[in-house]
Amino acid sequence: MTATQKRIIMNRVALTFSTLSTLIALAFLFWILAILVMKGVDALNWNIFIYEGSPPGYEDSGLKHALVGQLILVGLATLIGVPLGIMAGTYLSEYGKNSKLAHTIRDISDIMMSAPSIVIGAFVYAVVVMPMGHFSAWAGAIALGIIMIPIILRTTDDMLQLVPGTLREAAFALGAPKYKVIKDVVYRGAKAGILTGVLLGIARVAGETAPLLFTSFNDNFFTTDLNEAMPSLTVTMFNYAISPYEDWQQLGWAAAFILSMFILGLNILGRLILFFGKKRK
Amino acid sequence: MASIIDIKEECALHVRDFEFTYKGAASPSLKKITMPIAKHAVTALIGPSGCGKTTLLRSFNRMHDLYPGNTYAGEIEFEGRNILGAKEDLIHLRTKIGMIFQKPTAFPMSIFDNVAYGMRLQGIKNKTELSDRVEKALQDAALWKEVQDRLKHDANGLSGGQQQRLCIARAIAVEPEVLLFDEPTSALDPISTQGIEKLVIELKERVSIIIVTHNMQQAARVSDYTGFMYLGELIELGHTEELFVTPKEKLTQEYITGKFG
Chain U
0 MTATQKRIIM
10 NRVALTFSTL
20 STLIALAFLF
30 WILAILVMKG
40 VDALNWNIFI
50 YEGSPPGYED
60 SGLKHALVGQ
70 LILVGLATLI
80 GVPLGIMAGT
90 YLSEYGKNSK
100 LAHTIRDISD
110 IMMSAPSIVI
120 GAFVYAVVVM
130 PMGHFSAWAG
140 AIALGIIMIP
150 IILRTTDDML
160 QLVPGTLREA
170 AFALGAPKYK
180 VIKDVVYRGA
190 KAGILTGVLL
200 GIARVAGETA
210 PLLFTSFNDN
220 FFTTDLNEAM
230 PSLTVTMFNY
240 AISPYEDWQQ
250 LGWAAAFILS
260 MFILGLNILG
270 RLILFFGKKR
280 K
Chain D
11 MASIIDIKEE
21 CALHVRDFEF
31 TYKGAASPSL
41 KKITMPIAKH
51 AVTALIGPSG
61 CGKTTLLRSF
71 NRMHDLYPGN
81 TYAGEIEFEG
91 RNILGAKEDL
101 IHLRTKIGMI
111 FQKPTAFPMS
121 IFDNVAYGMR
131 LQGIKNKTEL
141 SDRVEKALQD
151 AALWKEVQDR
161 LKHDANGLSG
171 GQQQRLCIAR
181 AIAVEPEVLL
191 FDEPTSALDP
201 ISTQGIEKLV
211 IELKERVSII
221 IVTHNMQQAA
231 RVSDYTGFMY
241 LGELIELGHT
251 EELFVTPKEK
261 LTQEYITGKF
271 G
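Residue numbers (the working numbering), protein chains in the order written: chain U, 0 to 280; chain D, 11 to 271.
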């Protein structure tokens, strides 16, 4: 056997194995999605959006409480996490640059990104829930917001650094003060990227359960009081799924399906914005 | 041994014993440079890569201040004061001394907003005044005819040559005294290059121009005065024809005849 033949065979073997591995990984993914879609669509009906939770066995039970609660929690988390993340990312890219402090912040933020989310939950439990004396939507939103910060901080930092330095210099050369250079030129240049980072950050926290378990806790009824425990899709899903009642399990599937579609939608939207943002240039 | 011409007419800038050192560098990148910059004329700076011509150009609007740790010594006189002073108002200075970069730097906004940007920075809000001055600047930059129907369009949709003329329009819209050109045509095709060169010659009626170029033919075509720089020193400054035809320094002659560089 010549060296060339040997190489061709090796190449085929490697290709076969890597293709097989990919197929197996994808098969599980589609299996999960297929079951989710089948069970989820099956469990969907209008009642879900109209009624709040009820004890098992009632006809008129839905997920309105969890849907609204989820939106409130994620919305509040976005209000907390996005400004902090973008401002910190701006500091890193435009002011800190390669300083020791900036590198330390980047490292810590990377560690935060991979920290187990339940740890963040425990932290918020200690500093917010304990002093307040009760669970609250605020506590849940703060936990989610903290998880969001490092994601948005890093994408903002990366996206701002992609804006060419000559563009900044050109603005300075026209006599622009630094904050206007950042606001008018750098942010505009990185608009699509930052927006994508924000959407991916929201998508990331929207699926979190652990940090909510002992911050916003859960509630089976509709509420908009931010100082009270607040239901969320994820915790509701968890409670319903492990319950022995079939109608609750059905609602759990519906919640899983709606949440997955929401996150999928955010991800697709984020990618579309990035794609069209790049094409325009 | 430098041979520096004495300019009799009024000067826009006077450089005296100017030295510039980059952050952390052991020795200055520009050494004891003394040169007058004639008013309402084009002064070209030529020389091999790394000779310091761009470094010198970026000293005139104190662009080096964007990166901390660089140091200036000596004097650059502009409008009767030394602009290297610690109290110099850089924002004001940069509205008086504009700059055009090597690569076009259209901002990610509309064509109109690009040209209006500098004026808005100066606090001009009146819509009629803005649009009049935008039109005038675009006409002066020979771009008006091509863009008058799409002023609201994204400036990044323009070609490279158009974007460079847009940058010139943006710079002249704030009516500076001096314009610095840093190899403005090195990223452009020959036809766009011709357009920019024509503009440079037209503009010198109103502004004093300093242009850094790699291209000796370009220096010969557009400039009234030419300075030849080598290893951080200004070797010779003279009338352009004289410098190219009868250079006074041996180094200049070797460079313009292609013996090195």
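C-beta atoms are modelled at their ideal positions from N, C-alpha and C, and glycine is treated no differently.
Predicted model, so just to flag it, every value in this text is computed and none were measured.
Applying the criterion that 16 or more other CB atoms from any shown protein chain within 10 Å of the CB defines a buried residue, is residue i buried or exposed?
{"i": "G79(D)", "result": "exposed"}
{"i": "M37(U)", "result": "exposed"}
{"i": "K269(D)", "result": "exposed"}
{"i": "T65(D)", "result": "buried"}
{"i": "G269(U)", "result": "buried"}
{"i": "W137(U)", "result": "buried"}
{"i": "S233(D)", "result": "buried"}
{"i": "T81(D)", "result": "exposed"}
{"i": "H64(U)", "result": "buried"}
{"i": "K214(D)", "result": "buried"}
{"i": "K260(D)", "result": "exposed"}
{"i": "T154(U)", "result": "buried"}
{"i": "K280(U)", "result": "With a pLDDT of only 47 at K280(U), under 50, the local geometry of the prediction cannot be trusted, and the value read off the model is given with reservation. Exposed: under 16 other Cβ atoms inside 10 Å."}
{"i": "S135(U)", "result": "buried"}
{"i": "R72(D)", "result": "buried"}
{"i": "L131(D)", "result": "buried"}
{"i": "Q149(D)", "result": "exposed"}
{"i": "F16(U)", "result": "exposed"}
{"i": "T256(D)", "result": "exposed"}
{"i": "K2(D)", "result": "Residue 2(D) is absent from the model: chain D starts at 11 and stops at 271."}
{"i": "S20(U)", "result": "exposed"}
{"i": "L28(U)", "result": "exposed"}
{"i": "N294(D)", "result": "There is simply no residue 294(D) to check, as chain D begins at 11 and stops at 271 in what is shown."}
{"i": "M0(U)", "result": "exposed"}
{"i": "R6(U)", "result": "exposed"}
{"i": "M129(U)", "result": "exposed"}
{"i": "T138(D)", "result": "exposed"}
{"i": "T3(U)", "result": "exposed"}
{"i": "P163(U)", "result": "exposed"}
{"i": "S60(U)", "result": "buried"}
Going by the CB atoms, is the gap between residue j and residue i shorter than 9 Å?
{"i": "V184(D)", "j": "T105(D)", "result": "yes"}
{"i": "T203(D)", "j": "A54(D)", "result": "no"}
{"i": "A189(U)", "j": "M147(U)", "result": "no"}
{"i": "L35(U)", "j": "W252(U)", "result": "yes"}
{"i": "I220(D)", "j": "F70(D)", "result": "yes"}
{"i": "I110(D)", "j": "D192(D)", "result": "yes"}
{"i": "G57(D)", "j": "F254(D)", "result": "no"}
{"i": "A87(U)", "j": "I119(U)", "result": "no"}
{"i": "I178(D)", "j": "T195(D)", "result": "no"}
{"i": "K209(D)", "j": "R180(D)", "result": "Inspection of the sequence shows that residue 209(D) is occupied by Leu rather than by Lys. No; because the gap between Cβ atoms is not below 9 Å, this pair is not in contact."}
{"i": "S108(U)", "j": "P149(U)", "result": "yes"}
{"i": "F220(U)", "j": "E51(U)", "result": "yes"}
{"i": "L232(U)", "j": "G139(U)", "result": "no"}
{"i": "M131(U)", "j": "N226(U)", "result": "yes"}
{"i": "R187(U)", "j": "P200(D)", "result": "no"}
{"i": "S92(U)", "j": "V185(U)", "result": "yes"}
{"i": "I104(U)", "j": "G95(U)", "result": "yes"}
{"i": "D122(D)", "j": "A83(D)", "result": "It is worth fixing the name first, because residue 122(D) is Phe in this sequence and not Asp. In this structure, A83(D) does not lie closer than 9 Å to F122(D) by Cβ."}
{"i": "I15(D)", "j": "Y235(D)", "result": "yes"}
For my contact list, residue i and residue j are in at a C-beta cut-off of 8 Å; report their separation, rounded to the angstrom.
{"i": "I47(D)", "j": "C21(D)", "result": "6 Å"}
{"i": "R26(D)", "j": "E85(D)", "result": "4 Å"}
{"i": "G242(D)", "j": "L198(D)", "result": "That belief does not hold up - the Cβ atoms of G242(D) and L198(D) are roughly 28 Å apart, past 8 Å."}
{"i": "V217(D)", "j": "L247(D)", "result": "Actually they do not touch by this definition, with Cβ atoms about 20 Å apart."}
{"i": "A205(U)", "j": "I272(U)", "result": "Actually they are not in contact, since the Cβ atoms of A205(U) and I272(U) sit about 17 Å apart, beyond 8 Å."}
{"i": "Y77(D)", "j": "K18(D)", "result": "About 37 Å; that fails the 8 Å criterion."}
{"i": "V222(D)", "j": "L67(D)", "result": "5 Å"}
{"i": "A254(U)", "j": "Y239(U)", "result": "7 Å"}
{"i": "S120(D)", "j": "A165(D)", "result": "6 Å"}
{"i": "I266(D)", "j": "A12(D)", "result": "Not confirmed; about 16 Å, so no contact."}
Would you say residue i touches the ligand SAM, meaning its beta carbon is less than 8 Å from a heavy atom?
{"i": "F216(U)", "result": "No copy of the ligand SAM appears in this structure; indeed no ligand is present at all."}
I want to know whether the segment 261-272 of chain U touches the segment 39-51 of chain U - three or more CB-CB distances under 8 Å.
no
Give the residues from the segment 146-169 of chain U that approach chain D closer than 7 Å (Cβ to any Cβ), ordered along the chain.
T165, L166, E168 and A169
For the segment 106-126 of chain D, enumerate the residues whose C-beta is nearer than 7 Å to any C-beta of chain U, in chain order.
Here the close residues are G108, M109, F111, K113, T115, F117, P118 and M119.
Looking at chain D, which residues of the segment 171-185 of chain U have a Cβ within less than 8 Å of any of its Cβ atoms?
F171, A172, L173, G174, A175, P176, K179, D183 and V184
Interface residues of the segment 185-208 of chain U facing chain D [CB-CB below 8 Å]:
For chain D, the residues of the segment 185-208 of chain U that bring a beta carbon within less than 8 Å of one of its beta carbons are R187, G188 and K190, in chain order.
Which of the residues in the segment 66-97 of chain D, read from start to end, lie with their CB under 8 Å from any CB of chain U?
N71, M73 and L76
Cβ-based contacts, 9 Å cut-off: residues of the segment 159-177 of chain D near chain U:
D164, N166, G167 and C177
Inspect the CB distances between the segment 169-180 of chain U and the segment 192-201 of chain U and report whether three or more fall short of 8 Å.
no
Any contact of the segment 178-187 of chain U with the segment 203-215 of chain U, i.e. 3+ C-beta pairs under 8 Å?
no
What residues in the segment 125-139 of chain D have a beta carbon less than 7 Å from any beta carbon of chain U?
Y127, G128 and L131
Below 7 Å between beta carbons is the criterion; list the residues of the segment 189-221 of chain D that meet it against any residue of chain U, in chain order.
Under the 7 Å Cβ criterion, the segment 189-221 of chain D contributes no residue.
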